[in-house]
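Let me begin by presenting the structure, written as structure tokens, before commenting on it.
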Amino acid sequence: MNRFVESFAPARIVSVGVSVEEDAKSAVADAVAQLDDIAICFVLVFVPEHLDHSIVAEALRHDLPRTPVFGCTSGGQITPEGYADRSLLLVAFPREHFRCSSTLFHPLKPVSVAETAQEAQTLAQRFRTTANWNRFALTFADGLAKQEDTFVAALDAGLGDIPVFGGSAGHGLAYDVTFVLHGGEFHTDAAVLLIVETDLQFESVVFDHFRPTNRQLVVTEANPEDRVVHEINGTPAAEEYARMIDCPLSDLSPQVFAENPVLVRNLNNWHVRAIQGVLEDGSLMFLSAIENGLVLTLGRGKEVIETMSSELAVRSAKGEAPHFILGFDCVLRRLEIAQKQLDTDASEVLRSHRVLGFNTYGEQHGGIHMNQTFVGIAFFSADQEFVL
Numbered sequence: 278m279n280r281f282v283e284s285f286a287p288a289r290i291v292s293v294g295v296s297v298e299e300d301a302k303s304a305v306a307d308a309v310a311q312l313d314d315i316a317i318c319f320v321l322v323f324v325p326e327h328l329d330h331s332i333v334a335e336a337l338r339h340d341l342p343r344t345p346v347f348g349c350t351s352g353g354q355i356t357p358e359g360y361a362d363r364s365l366l367l368v369a370f371p372r373e374h375f376r377c378s379s380t381l382f383h384p385l386k387p388v389s390v391a392e393t394a395q396e397a398q399t400l401a402q403r404f405r406t407t408a409n410w411n412r413f414a415l416t417f418a419d420g421l422a423k424q425e426d427t428f429v430a431a432l433d434a435g436l437g438d439i440p441v442f443g444g445s446a447g448h449g450l451a452y453d454v455t456f457v458l459h460g461g462e463f464h465t466d467a468a469v470l471l472i473v474e475t476d477l478q479f480e481s482v483v484f485d486h487f488r489p490t491n492r493q494l495v496v497t498e499a500n501p502e503d504r505v506v507h508e509i510n511g512t513p514a515a516e517e518y519a520r521m522i523d524c525p526l527s528d529l530s531p532q533v534f535a536e537n538p539v540l541v542r543n544l545n546n547w548h549v550r551a552i553q554g555v556l557e558d559g560s561l562m563f564l565s566a567i568e569n570g571l572v573l574t575l576g577r578g579k580e581v582i583e584t585m586s587s588e589l590a591v592r593s594a595k596g597e598a599p600h601f602i603l604g605f606d607c608v609l610r611r612l613e614i615a616q617k618q619l620d621t622d623a624s625e626v627l628r629s630h631r632v633l634g635f636n637t638y639g640e641q642h643g644g645i646h647m648n649q650t651f652v653g654i655a656f657f658s659a660d661q662e663f664v665l
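According to this note's numbering, the sequence shown is numbered sequentially starting from 278.
What follows is the structure in structure tokens.
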């Protein structure tokens, strides 16, 4: 048995295939061969940066010709062994416990809130309900289309009581182009929506490891459509941010942004608005919605491994540990963990809590698009009390 599958075998409900083959066609064949001989409802695939996505799609059509496959390119993968960078990950959901219906939003930009909400609602209504089964939604969106904020809010409005969990597609740390998979093809400027039914009980797992400080930054000039901030506190944005965190302007980098995030407050919750990079004119590009007059608060990190271990130790109402957790973990969290040389510790935590998923360019839950956050779904046995 493959070492990845063997390490995950004791309590898994889903079937897992992981390949580190360098050739896309070989990687798909290797991963598919590891899947159990079960009736599959659908497969999620998370593609590493180095594999040609078009060849992956062609190979999936060939090797899984009658199986719906969804997913995206990724900023990294979460396999049964923990964090990975060059692993093709397949997660097969069995018909015994899952049913699904899907649609593709393409082109995604610009998002029509009314049309998106209506299409999501129609998909849910046309998907026949199964007695005593629970519903949730999954979404994977182009991580560079800059539409996730509006898109997930529209989905939340259209789907009502159906909780939405999602991750933005990535491409390592290249930030050049990202793709989502639907109908056997990868698409850019697009988003996938799945309505999933399951007889399993599930619980949301959402956390970050930051708390607000008393240092605030006010966006005084911005281009919201492109998520670009030109000025903060009336000063060129990158210059003022560097001053506020006591860092030389020339030293600003993805690692610095990951360790010094800015937060926005939504009711009683704080969410990260991650900085993607510095533009040539000294502006800052963000990975989430930004607007003139927005008040940002500098965040201070808590102990990342301790927080991860505590938050992933979720239990059902009867004290049951999850069979697995489907997780969408921001690539900037991964970057901070690598910068602190905590990769091995983090992978051990993920492995021990049976997390599968990918590193994202953004996470979606509760109608909100956020950054530097872990968003996941913990699945428990069918006879457990439902908790959300």
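Note that the Cβ used here is the ideal one computed from N, Cα and C, for glycine as well.
With distances taken from CA atoms, which of the options is nearest residue i?
i, options, result
"THR497", "HIS486, THR512, ALA369", "THR512"
"SER303", "HIS339, ALA316, ASP314", "HIS339"
"LEU561", "ALA514, ALA418, ARG631", "ALA514"
"VAL505", "CYS524, ASN569, LEU540, ILE645", "ASN569"
"LEU415", "VAL454, THR475, VAL608, GLU392", "THR475"
"ALA551", "GLN649, ASP362, LEU381", "GLN649"
"HIS330", "LEU312, CYS349, THR344", "CYS349"
"ALA566", "ALA499, LEU544, THR584, VAL608", "ALA499"
"VAL482", "LEU328, PHE382, ALA590, ALA310", "ALA590"
"THR407", "PHE442, VAL473, ALA519, LEU526", "VAL473"
"LEU337", "PRO384, GLY447, GLY461, GLY353", "GLY461"
So what's residue i in DSSP terms, helix, strand or just coil?
i, result
"VAL291", "coil"
"HIS507", "strand"
"VAL390", "helix"
"TYR452", "coil"
"GLY554", "strand"
"PHE605", "strand"
"ILE439", "coil"
"TYR518", "helix"
"ALA566", "coil"
"GLN649", "coil"
"PHE404", "coil"
"HIS642", "strand"
"PRO525", "coil"
"ILE332", "helix"
"PRO531", "helix"
"LEU665", "Confidence in LEU665 is poor, its pLDDT being 39 and thus under 50, which makes the residue's placement unreliable; the coordinate value appears in the next sentence. Residue state, collapsed to three classes: coil."
"SER658", "coil"
"ILE614", "helix"
"THR296", "Going by the sequence as given, residue 296 is Ser instead of Thr. Correct three-state label for SER296: strand."
Work out the CA separation of residue j and residue i for me, nearest whole Å.
i, j, result
"ARG372", "VAL297", "27 angstroms"
"LYS423", "THR637", "14 angstroms"
"ALA535", "VAL549", "10 angstroms"
"PHE285", "PRO357", "Note that PHE285 scores 48 on pLDDT, short of 50, meaning its location in the model is unreliable; the coordinates nonetheless yield the value given after this. So the two alpha carbons sit approximately 6 angstroms from each other."
"ILE602", "VAL632", "5 angstroms"
"LEU367", "VAL320", "7 angstroms"
"GLU597", "ILE290", "14 angstroms"
"THR427", "ALA659", "34 angstroms"
"GLU283", "PHE417", "A caution first: GLU283 carries a pLDDT of 48, below 50, which makes its placement in the model too unreliable to give a value."
"ASP300", "LEU612", "26 angstroms"
"PHE413", "ASP433", "11 angstroms"
"ARG610", "HIS600", "24 angstroms"
"GLY653", "ASP606", "8 angstroms"
"PHE484", "PHE651", "5 angstroms"
"MET647", "PHE635", "15 angstroms"
"SER629", "GLY359", "9 angstroms"
"GLY604", "ILE355", "8 angstroms"
"CYS524", "THR490", "17 angstroms"
"GLY449", "LYS595", "39 angstroms"
"ARG343", "ARG405", "21 angstroms"
"ALA615", "LEU312", "30 angstroms"
"GLU557", "PRO501", "18 angstroms"
"ASN543", "GLN641", "14 angstroms"
Residue i bridges to which residues according to DSSP?
i, result
"TRP547", "ARG542"
"ILE464", "Residue identity differs from the one stated: residue 464 is His in this sequence, not Ile. According to DSSP, which records beta bridges pairwise, HIS464 is partnered with VAL457."
"MET585", "Answer by DSSP bridge pairing: none, since MET585 is not bridged."
"PHE375", "THR475"
"GLU498", "GLU508"
"LEU356", "Here residue 356 is Thr; the residue named in the question, Leu, does not match the sequence. GLY359, per the DSSP bridge assignment."
"HIS339", "Paired residue(s): none; HIS339 is not in a bridge."
"PHE484", "PHE651"
"GLY265", "The structure shown does not extend to residue 265, since the chain spans only 278 to 665, so no value can be given for it."
"CYS349", "PHE323, VAL457"
Note down, in chain order, each residue of its chain lying with its Cβ closer than 7 angstroms to the Cβ of residue i, except the 5 sequence neighbours on either side.
i, result
"ILE582", "LEU619, ASP622, ALA623, VAL626"
"CYS318", "PHE370, PRO371, ARG372, PHE375, ARG376, CYS377"
"GLY559", "PRO513, ALA514, ALA515, GLU516"
"ALA308", "GLY294, VAL295, SER296, LEU365, LEU367"
"GLY578", "HIS486, PHE487, GLU536"
"PRO538", "PHE487, VAL549, ALA551, GLY576, GLN649"
"MET585", "ALA623, VAL626"
Once you ignore the five residues that flank residue i on each side, which residues in its own chain have a CB closer than 6 angstroms to its CB?
i, result
"LYS617", "none"
"MET278", "Residue placement at MET278 is poorly supported in this model, since its pLDDT is 38, which falls under 50; the coordinates are not used for a value here."
Tell me which same chain residues have a C-beta within less than 8 angstroms of the C-beta of residue i, skipping the five on either side of it?
i, result
"ARG492", "MET521, THR574, LEU575"
"VAL390", "THR427, ALA430, ALA431, ALA434"
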